[in-house]
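A.B. asks: Okay, handing you the structure first.
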Amino acid sequence: MKQMNIAILGYGVIGKGVFEICKNMPNINVVKIFDRKEKFDNNYLDLFTDNAESIFKDKKIDLIVEVLGGYEFARDMMLQAIKYRKHVVTANKEVVAKDIDLFVNVSRANEVCFAYEASVGGGIPIIKNIKQLKAVNTITKISGILNGTTNFILTKMFEGLDFNEALKEAQRLGFAEADPTADLEGYDMMRKIAILSDLAWNTFININEIKQTGITKITKEDVDAAKANNKVIKFVCESVKVDDHIEISVEPKVLDNTHFFNNVNNEFNAVILETYPNDTLTFIGKGAGSLPTASAIVLDIVDIMENRCLVCYDNERKYKIN
């Protein structure tokens, strides 16, 4: 395996996880880390810079890891990296959901890879599996619990906490942001199911057209009623291919306690794929956290090093969302 020199844009929770894993990878060399000066790690000051342009122009650097978060700035940084012919690996689900066609086309034009396994499902290798499966299988339905924050909250509500208590506990443990709106209202899962649908059926999903209901109105009474009927409430996204269109929903669902999703608790995520001829496939793993997400990022780096960067899309988009 050849040596890969990389730079990390962003030294937050995920960026630190990527750096921690890469320090123990003999063939991955972290050359630079970009962030604001107040984020610099005194133990590795020689690696840090607040000048992104110096990273893009550094010919020693082969690959950029983007873990800045947010949308516009992160998007611009990735486009700049690709134009300097750097491979890009990201966990940024908002950029991938909104601009995947742009990034696929720009990366192709510059003969580099754009990889984003960590944008959905944390440490679950769901994107790689869909890319490989669809070469032989027809995927007919995708169902998922794809948000660790809301799954944690609902788990704790079934253990006796009310909604606000469960949210505070999620924030205390780092599973929820100070502003958890994107998680609680389903916007985060909308982006993730859009990415998976896009992959499975080779179509661009406009996330603004996805029907979505959040979990903020679920009460203790709702939980008690579900328990009394041997049911469970889970926040689920579903995407189904019907003829020439895709039907997508993001909403809390009352499920039998025998359902597979009943076993998916706390910050864990899960995906069920209905396929032919492979039948039903299930995936489960930690959907949040520094090291699971960082692991997915580093696996993308290794794939690029070993020339296993799969092309995700044909140029022709086939289906539409309904």
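When you line the sequence shown up against my numbering, it's residues 1490 to 1811, in that order.
All C-beta atoms, glycine included, are put in the ideal place defined by N, C-alpha and C.
Quick caveat, the model's predicted, so the values are computed rather than measured.
#1: Would you call V1743 buried or exposed, if buried means 16 or more other Cβ atoms sit within 10 Å of its Cβ?
#2: Among E1674, Y1573, N1626, I1773, which has the Cα closest to the Cα of V1739?
#3: Quick check on DSSP: helix, strand or coil for Y1802?
#4: Following the continuous beta strand (DSSP E) through V1729, name the residue where it begins and the one where it ends.
#5: Given this structure, state the Cα-to-Cα distance separating D1668 from H1576, to the nearest angstrom.
#6: Per the DSSP calculation, Q1701 is bridged to which residue(s)?
#7: Since T1764 is in the beta strand (DSSP E), which residue starts that stretch and which ends it?
#8: Note the first and the last residue of the continuous alpha helix (DSSP H) segment covering G1637.
#9: V1721 to Q1660, Cα distance in whole Å?
#10: Would you call R1574 buried or exposed, if buried means 16 or more other Cβ atoms sit within 10 Å of its Cβ?
#11: By the 10 Å Cβ neighbour count, where 16 or more other Cβ atoms means buried, how is T1702 classified, buried or exposed?
#12: K1620 lies in the alpha helix (DSSP H); which residues open and close that run?
#13: Quick one: grab the DSSP three-state call for V1577.
#14: Straight-line CA distance for P1614 to A1759?
#15: Could you spell out the range, first to last residue, of the alpha helix (DSSP H) harbouring D1590?
#16: Quick check on R1797: buried or exposed, where buried means 16 or more other Cβ atoms within 10 Å of its Cβ?
#17: Output the boundary residues of the beta strand (DSSP E) element that contains V1502.
#18: Compare the C-alpha of D1524 against each of I1510, I1503, G1633 and name the closest.
#19: Output the distance between the C-alpha atoms of D1672 and T1639, rounded to the nearest integer angstrom.
#20: Which of the three DSSP states, helix, strand or coil, is assigned to A1496?
#21: If you count every other CB in all the chains shown that lies within 10 Å of the CB of P1766, and 16 or more means buried, which is it?
C.D. replies: The answer reads as follows:
#1: Taking the sequence shown and counting its residues from 1, one reaches residue 1743 at position 254. It is exposed - the Cβ of V1743 has fewer than 16 other Cβ atoms within 10 Å.
#2: Indexing the sequence shown from 1 puts residue 1739 at position 250. V1739 has its Cα closest to that of E1674, out of E1674, Y1573, N1626, I1773.
#3: Position 313 of the sequence shown, counted from the start, is the residue given in the question as residue 1802. In this predicted model, Y1802 has a pLDDT of only 49, less than 50, meaning its place in the structure is not dependable; the value taken from the coordinates is given anyway. Three-state result, Y1802: coil.
#4: Within the sequence shown, the letter at position 240 stands for residue 1729. It spans 1720 to 1731 - the beta strand (DSSP E) in which V1729 sits, taken as one unbroken run.
#5: In the sequence shown, counting from the first residue as 1, residue 1668 sits at position 179. In the sequence shown, counting from the first residue as 1, residue 1576 sits at position 87. Their backbone Cα atoms lie some 32 angstroms apart in a straight line.
#6: Walking along the sequence shown from the start, residue 1701 turns up at place 212. Q1701 is bridged to V1739.
#7: Taking the first residue of the sequence shown as position 1, residue 1764 is located at position 275. Taken as a continuous stretch (DSSP letters only), the beta strand (DSSP E) holding T1764 covers 1757 to 1765.
#8: Taking the first residue of the sequence shown as 1, we reach residue 1637 at position 148. Counting along the chain, the alpha helix (DSSP H) containing G1637 begins and ends at 1637 to 1647.
#9: Sequence index remark: in the sequence shown, residue 1721 carries index 232 (1-based). Sequence index remark: in the sequence shown, residue 1660 carries index 171 (1-based). Near 23 angstroms, if we compare the C-alpha coordinates of Q1660 and V1721.
#10: As a first step, residue 1574 is located in the sequence shown; it is residue number 85 there, counting from the start. Exposed: under 16 other Cβ atoms inside 10 Å.
#11: Within the sequence shown, the letter at position 213 stands for residue 1702. That one is exposed.
#12: Numbered from its first residue, the sequence shown carries residue 1620 at position 131. Its alpha helix (DSSP H) spans residues 1615 to 1622.
#13: Walking along the sequence shown from the start, residue 1577 turns up at place 88. Three-state result, V1577: strand.
#14: Position 125 of the sequence shown, counted from the first residue, corresponds to residue 1614. Position 270 of the sequence shown, counted from the first residue, corresponds to residue 1759. Each residue's Cα considered, the two are about 11 angstroms apart.
#15: Here residue 1590 is taken as the residue at index 101 of the sequence shown, counted from 1. Start and end: 1582 to 1598.
#16: By 1-based counting over the sequence shown, the position of residue 1797 is 308. Exposed is the call here.
#17: Residue mapping note: residue 1502 aligns to position 13 of the sequence shown, counting from 1. From DSSP, V1502 is part of no beta strand (DSSP E) but of the alpha helix (DSSP H) over 1502 to 1511.
#18: Sequence index remark: in the sequence shown, residue 1524 carries index 35 (1-based). D1524 has its Cα closest to that of I1503, out of I1510, I1503, G1633.
#19: On the sequence shown, residue 1672 is found 183 positions in, with the first residue counted as 1. On the sequence shown, residue 1639 is found 150 positions in, with the first residue counted as 1. About 7 angstroms.
#20: Against the sequence shown, residue 1496 aligns to sequence position 7. Strand, per DSSP.
#21: The residue labelled residue 1766 in the question sits at position 277 within the sequence shown. The residue in question, P1766, is exposed, as its Cβ has fewer than 16 Cβ neighbours within 10 Å.
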